[in-house]
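>
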Amino acid sequence: MGISLIRDFGYDERAIEVMAVRERSGAVERLTENHTMHLDGAEYECMALLEQLREAISSSTGSGSGGGIGDGGLINVAAFTLWEQIDGWARAWLREWGHDHKGELAAVIRRLPAKTQAAHAIGTIDDDLRERIDATYAVWVAKIEDLFDPPREKELTAPCPACGERYHEDGETRRAAVVIPVKVGRAIVAECRNCGTMWGTETDLLALAAGMGIAVDFTALRELVNSSN
Numbered sequence: 016m017g018i019s020l021i022r023d024f025g026y027d028e029r030a031i032e033v034m035a036v037r038e039r040s041g042a043v044e045r046l047t048e049n050h051t052m053h054l055d056g057a058e059y060e061c062m063a064l065l066e067q068l069r070e071a072i073s074s075s076t077g078s079g080s081g082g083g084i085g086d087g088g089l090i091n092v093a094a095f096t097l098w099e100q101i102d103g104w105a106r107a108w109l110r111e112w113g114h115d116h117k118g119e120l121a122a123v124i125r126r127l128p129a130k131t132q133a134a135h136a137i138g139t140i141d142d143d144l145r146e147r148i149d150a151t152y153a154v155w156v157a158k159i160e161d162l163f164d165p166p167r168e169k170e171l172t173a174p175c176p177a178c179g180e181r182y183h184e185d186g187e188t189r190r191a192a193v194v195i196p197v198k199v200g201r202a203i204v205a206e207c208r209n210c211g212t213m214w215g216t217e218t219d220l221l222a223l224a225a226g227m228g229i230a231v232d233f234t235a236l237r238e239l240v241n242s243s244n
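Last residue of the sequence shown: number 244 in the numbering used here, and the count goes up by one each step with no gaps.
1) Do you know offhand how far residue 51's Cα is from residue 201's?
2) Taking only the alpha-carbon atoms, compute the straight-line gap between residue 116 and residue 128 and give it to the nearest angstrom.
3) Let me confirm a value: residue 62 is counted as buried when at least 16 other C-beta atoms fall within 10 Å, else exposed. Which label applies?
4) Considering just the uninterrupted stretch of the alpha helix (DSSP H) at residue 224, what are its terminal residues?
5) Just to confirm the assignment, what range does the beta strand (DSSP E) spanning residue 195 have?
6) Which partner residues does residue 185 have in the DSSP bridge list?
7) Determine the burial state of residue 106: buried for a count of at least 16 other Cβ atoms within 10 Å of its Cβ, exposed for fewer.
8) Enumerated in chain order, which unbroken segments of the alpha helix (DSSP H) with a length of 4 residues or greater are wholly contained in the region 93 to 181?
9) Check each candidate in 210, 196, 192 and name the one with the smallest Cα separation from residue 160.
10) By how many angstroms is the C-alpha of residue 97 removed from the C-alpha of residue 270?
11) Take residue 189 and list the residues in its own chain whose beta-carbon comes closer than 7 Å to its own, dropping the five residues that flank it on each side.
12) Whose CA, out of 184, 191, 153, lies closest to the CA of residue 282?
13) Go ahead and pull the three-state DSSP assignment for residue 205.
14) If distances are taken between C-alpha atoms only, which option among 177, 41, 69, 179 comes closest to residue 119?
15) Looking at residue 126 and residue 144, is the spacing between their C-beta atoms short of 9 Å?
16) Could you pull the DSSP bridge partners for residue 60 from this structure?
Below you can see the structure in the form of structure tokens.
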């Protein structure tokens with residue numbers, strides 16, 4: 016269950032804090048360490064997601080003529096772009112707070128949670144910003160997984176509150192700018208195809224809804240995720 020939804024179930028703030036720490040720790044582990052995953056009753060040993068992403072950047076496998084995930088060139092570009100986004104995000108926060116931001120990306124990601132909590136403890140960042148930063152690890156996990164196993168997408172047709180664009184154009188394809196990727200067990204995260212803004216917490220999603228002039232039905236969203244296949 017995503018932290019963006021658990022307040023709907025009546026948990027107190029302490030319970031929410033514990034769940035948030037567990038979700039963040041689990042996401043950091045999946046990004047930076049080899050880990051075990053359980054699916055349909057079976058157990059799988061998985062390579063760290065950042066290592067999978069690194070391999071995808073340099074991989075020359077996959078030469079399907081139809082394009083998409085089977086096309087080595089396309090996945091290389093997508094993997095490189097995502098790597099740069101994660102790398103820039105993590106190092107920027109450490110640099111902002113005056114900490115060492117050098118070294119391997121996995122090591123940088125492992126350092127960041129403690130530095131985030133320290134920044135929050137001394138009042139450098141507020142509760143909302145800490146929550147958004149902590150929620151972003153799960154977003155990166157989802158984006159890497161989606162690179163290899165794309166989700167369904169639910170499009171929101173109102174303009175993006177961040178950039179003002181209603182549509183995103185890619186060549187001859189025109190689609191809604193703001194989308195919610197939908198996959199079983201996935202926390203609800205909305206993102207803009209144009210400006211890259213992400214809404215990953217309940218507070219963020221409510222702000223998105225207000226900015227778009229729409230209502231958020233968390234029950235319907237949960238049902239949508241649970242029924243996705």
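Yeah, the Cβ is synthetic: ideal placement off N, Cα and C, and Gly gets one too.
Keep in mind it's a predicted model, so treat the numbers as computed, not measured.
By the coordinates alone:
1) 18 Å
2) 13 Å
3) exposed
4) 217 to 227
5) 193 to 197
6) 188
7) buried
8) 120 to 136, 142 to 163
9) 196
10) Any property of residue 270 remains undetermined from this structure, which presents the chain solely from 16 to 244.
11) 182
12) What the structure shows of the chain is the stretch from 16 to 244, and residue 282 is not part of that stretch, so it cannot be assessed.
13) strand
14) 69
15) no
16) 51
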